[in-house]
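Chains as they are written, first to last, in this note's numbering: chain A, 1 to 499; chain B, 1001 to 1310.
Here's the structure we're looking at; comments come further down.
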Amino acid sequence: MATDLRISNISKIYPGCIANDNVSLQFKSGKIYALLGENGAGKSTLVKILSGVISPDNGEVLLNEKNLKLSSPLDAKKNKIGMVFQHFNLFETLSVFENLSIDATEDNKSLRLRINEILKKYNFSIDLDVPVLNLSAGQKQKVEIIRCLLRSPKVLIMDEPTSVLTEQETEELFISLKKFCDEGILIIYITHKLKEVLSLCDEVAVMRKGKVVSVSQTQNERVETLANKMVGQKLAKIKKKINISKNKDEIFKVKHLNFYSDDPFETNLVNLNFSVKKGECLGIAGISGNGQNELFQILSGEIITPDTSIIFRNKEIAKLNPKQRREYLMAFSPEDRISQAAVPELKIYENVALNNFKSSNFFEKGLVNEKKIKEHSKKILSDFSVNTDNVELKSQFLSGGNLQKLILGRELITAPELLICYNPTWGLDVGAINYIHETLIKINDQEKSTILISTDTEELLKLSDRIAVIYKGKLSKIMPSEEVTPEKLGVLMGGGSID
Amino acid sequence: MSLEISFIGILIGSIMASSVPLILAASGELITERSGVLNLGVEGMMIIGAISGFALMVITDNLFIAIVGSMLSGVIISLIFGFLTQSLLTNHVATGLALTIFGIGLSAMLGKNFVGIPGKEFPILFSSLRESIPFFGPILFGHSIILYFAFTLPFLTNYFLKKTKLGLVVRAVGDSPVSASNQGINVILVRYCCILYGGAMCGLAGAYLSLIYTPQWIENMTAGRGWIALALVVFATWSPIKVLIGALIFGGITILQLHMQAIGFRIPVQFLSALPYLMTIIVLVVISRDSRKIKLNTPTSLGRIFYKEK
């Protein structure tokens, strides 16, 4: 039976922000629909309404002409609306089978049979009896999809599903989604990645600031037209001129980096060796969870490993803590902006003061020189076009993009010789990403070096001079970026080998 | 020879009896914590259970009513905790501490008129077998029904958590309340139930003290057993069977060191008194060395406030 899902005049208002402003859309089965928009455009709110997690202030959802009352996730389930969230809704310490059986109504035996049928039909290979925390992101997503399929859904909503996948996993996902679509499941695909919209979807709705600004057939669209609709203005294209010169000095050199941990949540690192030249950007690609966290923490000095040698500007710094490394003009931008890079409860100027110990005169005789810090913070806010000039604002109220700009600004104002950043544009929208990319390129132009650990292949290809891939704690050989293609990276990131 | 053997049998029997309140309270708290709720009010709920059990026994002269009443009083006082933490979203640690202080104060006030009243004898099962079988008799027979219940409880708890659907739901809620809620599980309801169950078991543990173990009411008679039960849960890494082992070690060394003191061992009394705490921690730490298992058993969301998006 054909499915017809209609959203009419949905509004949702949060204090100080209209998340959804009179949104109306129509979807029919047999097609894959894209819902495109920047972060904060209101996609997630709309999806949460459709899945019953939150209820709208106004408007209704109609499935086959029937008005749905979605006041809890249970209602969405009953009405055969399946949902795969961007942040997985899995229970990490439970086994795959336990995760799937938790809301099943049948007995375990027949459930296992049905799961195995689905595994076979769509060619998924997952061990049902291991705890979910042992799975890769791609496998976790498959568990989520199986959970939806078990309820034979009419509608399947995918919220930014490829943000954690490799190229291969993405392709596999697309094949599965097309299969589901052929079987009559209505698919709504939420993303901010333009290429995916063009390669997968039939129809695209673009959202901006809570409103639907356009609905069109994807065949009539190109990357540029969609980007402009999404951002609402023309975007400047940025392109880095790659500078590899053989005779530049090596500013940073790592030898015999090994790391071993008992913790099942951590990855062991095996004999990593690499170096960075002056003015160069070294990209380290990989799917998250392959040792990037550990690598970043070792490079920044949060973890000290024995027998590792790290030479920076001709000095051995392997035994130094992060504060001491900063004094040698290294700077760090960790992945988790909220809990690692900044303290959300502290004001902007207090966060700025946090990592500037020696080089500044923020502290005198143990006292805080508030005036100095505030002046300095104001300079960062204006130099890095952060969207506020109030240094008294608590950092938790900054959006991801603005917080990242603040963090980069804080790190760069000391003019470091080497900046190590880990997923600097994670979860940011196109505008903010552009700005951060420009900033990172500028650093290299000024003959300073960067190490870019990232899970975003496009970003790596755009910014790096040389690229290596980390897989299960091992580093591939380091390649000049003009020899690297997204496909090659994908193979290496998935554990394959090239040549 | 045979005298010594029967003495050891009696000793083991008394060790078992002394560990009952710990097993009951810790098993209850274990379920509460597995759902992600940290209730530090165990001591308070136990002492309330102790006084209400004893008071009801004196007033009604009916042990059944006393036992059920003590569990109900545990439920009621844990309901206060549940309402504060789950409905009003207060901090688990602060609320739990307040509950303990409140419970100790309230029990002292309620108990004023019951000080010095002798308790009633609690029926014991299979008392004839206890005398007739050497060694095993005093170990296996002649105990109250509560003791038998307490010793099966860790196994039931283990079965409940590992094998039943409801146990799975409790673990899921403790692992990730947000995911559970998105799966349509009523997280608040599950947590309320686990809190109330914990309260009932703590109430029963208290009643065991005032009705069976030392049948009388003395102010502050739980004497820190609630805190030991709490510590047992953590050191046993949320495994019911390890809770049982821990409780037996603690009870065992408590009794043994009393005998050692009585015999007059030339070891400082302070050291002997500290021995049960020390040994329990050491043993539980040693048997819980597998960091992987700890990760899988620890309720990830323990003590964190959960609120539903609207």
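Every residue, glycine too, gets a C-beta built ideally from N, C-alpha and C.
Being a predicted model, the structure only gives us computed values, none of them experimental.
When C-beta atoms of the segment 322 to 339 of chain A are compared with those of the segment 416 to 432 of chain A, three or more pairs fall below 8 Å, so the two segments count as touching. Under DSSP, A205 (chain A) shares a beta bridge with A:L35 and A:V215.
Neighbours of R1266 (chain B) across chain A, judged by C-beta separation under 7 Å, do not exist; the nearest C-beta is about 42 Å away.
Listed in chain order, the alpha helix (DSSP H) runs fully inside the segment 379 to 440 of chain A are 400 to 412, counting runs of at least 4 residues. In the DSSP assignment, Q1183 (chain B) falls outside any beta strand (DSSP E) and carries neither an H nor an E. Put simply, the segment 1011 to 1021 of chain B touches the segment 1246 to 1256 of chain B. At least three CB pairs are less than 8 Å apart. It is roughly 8 Å from the alpha-carbon of I420 (chain A) to the alpha-carbon of F296 (chain A).
Put simply, the CB of S1288 (chain B) is far from chain A, with every gap to its CB atoms at 7 Å or more.
Taking 7 Å as the CB threshold, Q1086 (chain B) stays off the interface with chain A. Residue contact with chain B for T105 (chain A): absent (no Cβ-Cβ distance below 7 Å to any residue of chain B).
If you check each beta-carbon in the segment 145 to 157 of chain A against every beta-carbon of chain B, the ones closer than 9 Å belong to R147.
Here the segment 1211 to 1222 of chain B lies against the segment 1113 to 1122 of chain B, with 3 or more beta-carbon pairs under 8 Å apart. DSSP lists A:K277 as the bridge partner or partners of E250 (chain A). Counting C-beta pairs with one atom in each stretch, the segment 65 to 72 of chain A and the segment 178 to 191 of chain A have fewer than three that are closer than 8 Å, which means they do not touch. Taking 9 Å as the cut-off between beta carbons, the residues of the segment 90 to 102 of chain A near chain B are L90, F91, E92, T93, L94, E98, N99, S101 and I102, in sequence order. Take V53 (chain A), set aside five residues on each side of it, and the residues of its chain with a beta-carbon closer than 7 Å to its own are P73, in chain order. D4 (chain A) has a beta carbon lying at 7 Å or more from every beta carbon in chain B. Across the set A:N355, A:Y435, A:I478 and A:L418, the C-alpha of A:Y435 shows the shortest separation from the C-alpha of D383 (chain A).
About 6 Å separates the Cβ atoms of V254 (chain A) and L272 (chain A), confirming a contact at the 8 Å cut-off. Using a 10 angstroms sphere on the CB of P416 (chain A), the tally of other CB atoms reaches 16 or more, which defines it as buried. Contact of F265 (chain A) with chain B by beta-carbon distance below 8 Å involves K1295.
In terms of CA proximity to E370 (chain A), A:E350 leads the group A:L226, A:K394, A:E350 and A:I13. For F1135 (chain B), there is no enclosing beta strand (DSSP E), since its DSSP letter is neither H nor E. In the three-state reduction of the DSSP assignment, H376 (chain A) falls in the helix class. Contact between the segment 1072 to 1079 of chain B and the segment 1041 to 1048 of chain B is present: three or more C-beta pairs spanning the two stretches fall below 8 Å. Beyond the five residues adjoining it in sequence on each side, V23 (chain A) comes within less than 8 Å, by CB distance, of I7, N9, I10, S11, G42, L46, G59, M207, G210, K211 and V212 in the same chain, given in chain order.
When C-alpha distances from A1223 (chain B) are compared across B:N1297, B:T1280, B:F1149 and B:T1100, the shortest belongs to B:T1100. Rounded to whole angstroms, the Cβ separation of L463 (chain A) and H437 (chain A) is 6 Å, and the two are in contact under 8 Å. Contact with chain A is absent for S1301 (chain B), since none of that chain's Cβ atoms lies less than 7 Å from the residue's Cβ. S377 (chain A) and S1035 (chain B) have their C-alpha atoms some 44 Å from each other. DSSP places M1221 (chain B) in no beta strand (DSSP E); its state is neither H nor E.
The C-beta of P306 (chain A) comes no closer than 7 Å to any C-beta of chain B. Counting C-beta pairs closer than 8 Å gives three or more between the segment 144 to 160 of chain A and the segment 78 to 89 of chain A, which meets the contact rule.
DSSP places Q1261 (chain B) outside any beta strand (DSSP E); the residue lies instead in the alpha helix (DSSP H), whose first and last residues are P1240 to I1263. Between the C-alpha atoms of S1014 (chain B) and P1276 (chain B) there is a straight-line separation of about 15 Å.
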